[in-house]
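Residue numbers (the working numbering), protein chains in the order written: chain A, 1 to 217; chain B, 218 to 434.
Ideal placement from N, C-alpha and C gives every residue a C-beta, glycine not left out.
Some notes on the structure that comes next.
2 protein chains.
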Amino acid sequence: MEKLSRKDREREAKRVMIIDAALQVMKVNGFEHSTMDEIAEVAEIGKGTLYLYFKSKTSLYLAISERGSRLLNEQLGKVLLLELPGITLIEKMGFTYLNFIRENPLYFTAFNYFEHILNEGQMTNSPIIEQCENHAKEAMTYIVRALQIGMQDGSIKNSYDPKELGIIIWGASKGVMHMAFLKNHANHMKILDDVEFDLQSLITGFIELLGSGMKND
Amino acid sequence: MEKLSRKDREREAKRVMIIDAALQVMKVNGFEHSTMDEIAEVAEIGKGTLYLYFKSKTSLYLAISERGSRLLNEQLGKVLLLELPGITLIEKMGFTYLNFIRENPLYFTAFNYFEHILNEGQMTNSPIIEQCENHAKEAMTYIVRALQIGMQDGSIKNSYDPKELGIIIWGASKGVMHMAFLKNHANHMKILDDVEFDLQSLITGFIELLGSGMKND
DNA sequence: TTCAGTTATTGACCAACAGTCAGATATATG
DNA sequence: CATATATCTGACTGTTGGTCAATAACTGAA
């Protein structure tokens with residue numbers, strides 16, 4: 001049972017308010033072109049105060065990613081509770097992910113930012129990075145659970161290692177979503193210009209393709 | 218037939234040399250933490266000169282991406298010349314891509330940077346962006362051609378639209394490669410820590426999975 | 001209510017770095 | 001050799017992430 005003092009609750013509320021302000025600024029200026037000065041201004045606090053709540057711009061951005069993955073995980077967790085064959089759970093998770101990034105494109109950008117930071121190898125041993133990693137691990141676990149359920153109920157081939165298959169599904173989904181995201185958000189994307197498709201049909205095709213690779217005959 | 222004057226050839230050679238210098242600096246400092254001052258120093262030119270050859274840091278980074286995708290396309294193009302079933306061409310392209318980013322991780326980072334720039338919607342109508350997009354489109358065409366060959370020779374189901382399938386394969390491959398890349402380069406990546414795998418086996422699993430979704434029975 | 005001690009806030013300031021430009025240097029031409 | 005043109009340069013500027021000494025707000029005891 002968590003018992004937070006009034007101080008702690010106020011502090012937490014302010015943290016949330018700052019993240020709201022940051023998202024608001026980013027909606028206008030884009031993710032990278034938002035400045036700490038403007039975020040502080042919108043949050044109606046001094047810039048120094050901003051740095052009392054987030055020790056760097058990177059930290060603030062990661063906090064956005066953290067919130068996003070927390071929200072997404074809540075939804076993925078609910079899918080796992082449904083009484084459905086494993087293969088259907090996997091499909092539903094795919095669409096849950098799709099709808100989430102469609103409704104929250106900024107969070108998707110934040111997810112990519114998080115991975116970029118991991119890649120660059122900076123900010124290791126930071127608590128916010130750890131939280132983000134835990135969320136990612138949790139999402140991964142939801143997928144693996146669904147796969148295990150599917151292997152149990154016979155809806156998914158059991159010739160793959162569920163964890164390895166989980167990584168593949170996770171990675172491939174992110175890649176395809178990213179593609180779809182580009183189509184919708186980039187002004188011009190020559191690769192995609194030739195192809196008539198909407199997000200939904202692309203993802204449906206993708207899930208079908210993966211599905212027919214995983215499904216038991 | 219391109220006939221370049223000595224001037225033009227010298228200019229081109231210097232451009233190449235600057236990109237070499239930039240890659241060298243990035244190998245040490247990482248992609249983002251390299252400064253134009255240091256790149257100029259390593260290239261043994263003044264900073265002002267650097268800006269005569271690349272109009273911004275972004276342009277220079279995109280030039281690296283451009284070179285990378287040009288090199289990759291050369292290899293993909295060669296695969297397409299082999300006398301093999303379409304499904305095998307697709308598999309070979311997958312491994313070509315894998316080996317390329319394994320041997321040239323910096324180019325892979327550059328590719329991601331290019332997509333990031335597209336996402337942010339900056340630098341539209343810049344010639345270097347256009348070149349990068351053309352390369353991406355070319356790579357995409359190689360995949361689609363291989364799919365068409367496979368649909369012709371019967372090794373690939375023809376129930377999918379080859380272009381849509383191409384986008385799916387392209388996106389999914391990038392996503393899975395990215396995952397594998399993280400495992401190798403990020404210091405810690407909790408999602409991946411649990412799973413014992415090497416790049417090769419993950420990609421093999423992925424290609425097998427996609428393959429069994431595409432293959433004719 | 002007062003006041004010392006503690007905590008929270010602030011914005012002027014600093015350092016780093018992308019990008020500029022007036023002047024210097026090299027090269028071509030007659 | 002002299003002039004014109006092309007190329008190069010690094011000191012300078014503007015912006016922005018991050019700091020810190022000064023200030024304000026709060027707290028609890030007398």
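| query | result |
| --- | --- |
| First and last residue of the uninterrupted alpha helix (DSSP H) at G263(B) | No alpha helix (DSSP H) holds G263(B); DSSP gives it neither H nor E. |
| Min CB distance K264(B) to chain A below 8 angstroms | no |
| Close-in-space but distant-in-sequence residues of the same chain around I203(A) (CB under 8 angstroms, 5 per side omitted) | G94, F95, L98, V176, M177, A180 |
| Chain B contact for I101(A) (CB, 8 angstroms cutoff) | no |
| CB contact flag (I373(B), G303(B), <8 angstroms) | yes |
| Coarse secondary structure for K3(A), derived from DSSP in three states | Any reading at K3(A) needs caution, since the residue's pLDDT is 49, under 50, leaving its predicted position unreliable; the model's value is listed next. DSSP places K3(A) in coil when its eight states are reduced to three. |
| Cβ-Cβ separation, R70(A) to I19(A) (assumed contact under 8 angstroms), whole Å | Actually they do not touch by this definition, with Cβ atoms about 12 angstroms apart. |
| E241(A): first and last residue of the uninterrupted alpha helix (DSSP H) it sits in | In the structure as shown, chain A begins at 1 and stops at 217. Residue 241(A) is therefore absent and cannot be evaluated. |
| Residues from the stretch 126–139 of chain A in contact with chain B, defined by Cβ distance under 9 angstroms | I129, E130, E133, N134, A136, K137, A139 |
| Chain A within 8 angstroms of I256(B), Cβ atoms only | no |
| Contact check, Y188(B) vs F248(B), beta carbons under 8 angstroms | Because residue 188(B) is not part of the residues shown, which for chain B are 218 to 434, the question remains open. |
| Chain B within 8 angstroms of M1(A), Cβ atoms only | Model confidence at M1(A) stands at a pLDDT of 38, short of 50, so the residue's coordinates are unreliable; what they give is reported in the following sentence. Output row for M1(A): interface = no. |
| Proximity of M406(B) and L416(B) at Cβ, strictly below 8 angstroms | no |
| Outcome for K3(A) when other beta-carbon atoms lying within 10 angstroms are tallied against a minimum of 16 | At K3(A) the pLDDT is 49, less than 50, meaning the model places this residue with poor confidence; the figure from the coordinates comes in the next sentence. K3(A) is exposed by the Cβ-count criterion. |
| Spatial neighbours of Y324(B) in its chain, beta-carbon cut-off 6 angstroms, leaving aside the 5 residues before and after | G285 |
| Where the alpha helix (DSSP H) through M93(A) begins and ends | 86–103 |
| Check whether Y359(B) and G428(B) have beta carbons under 8 angstroms apart | no |
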